[in-house]
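Undergrad: Every position in the sequence shown, counted from 1, becomes a number in the working numbering once 79 is added.
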Amino acid sequence: MALTGKNKMLPLRRPMQTDPEPSMKNTAALSLAVILGTSLFTTLSHAAGDPEAGAKIFPRLCGGCHQVGESARPGFGPQLNGIIGRPAGTSANYVYSDAMKNSGVTWDRETLIAYLKDPKGVVPGTRMIFWGLSDEEKLDNLLAYLQTFTQ
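1) Using CA coordinates, which residue listed in N220, F209, S182, E131 is at the minimum distance from P71?
2) Compute the beta-carbon to beta-carbon distance between D187 and G164, rounded to the nearest angstrom, for a pair I have assumed lies under 8 Å.
3) Alpha carbons only, please: which of L221, I136, Q230 is nearest the one belonging to E189?
4) Out of L195, P157, A151, E131, state which residue places its alpha-carbon closest to the alpha-carbon of K180.
5) If you draw a straight line from the C-alpha of L123 to the C-alpha of P138, how long is it?
6) For the alpha helix (DSSP H) containing M207, list its first residue and its last residue.
Structural data, given as structure tokens:
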């Protein structure tokens with residue numbers, strides 16, 4: 080309320096506003112961009128994994144049956160050098176199950192994650208005895224480690 084002559088109270092007139100102020104729109108757009116950018120960066124950095132952490136996981140979860148590295152050879156399971164991009168059931172000097180040889184799977188990040196989560200679900204009839212791994216961070220780290228062994 081505003082005072083006018085003879086102490087009369089009159090309401091203050093405010094301009095009618097239909098849209099938020101432009102600065103509010105800019106702030107909202109900037110906030111959204113920061114949130115999306117941060118979540119994308121977090122997702123990409125998480126997806127890359129940590130090869131050093133994967134090196135600690137591999138011996139415990141995989142090393143009983145599989146080998147990697149320069150002197151890797153098949154054991155209870157095939158050696159895993161160059162697994163990324165390789166068709167399933169094709170590593171030399173290992174006798175695969177018919178299910179694995181005929182699966183039609185080519186190992187990439189997505190198929191390996193699915194297989195490591197549920198081997199018999201991805202390749203029914205596989206001989207791989209593994210209960211599955213559901214921890215996304217461990218999967219990412221393990222794959223980052225395997226990707227360091229190209230051949």
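In this text, a Cβ means the ideal position worked out from N, Cα and C, and glycines have one as well.
TA: So, from the data block:
1) This structure cannot speak to residue 71, because the chain is shown only from 80 to 230.
2) 7 Å
3) L221
4) P157
5) Low confidence applies to L123: its pLDDT is 42, below 50, so where it sits in the model is not reliable, and the reading given next is rough at best. In a straight line, the C-alpha of L123 is about 26 Å away from that of P138.
6) It is not in any alpha helix (DSSP H) - M207 carries neither H nor E in the DSSP assignment.
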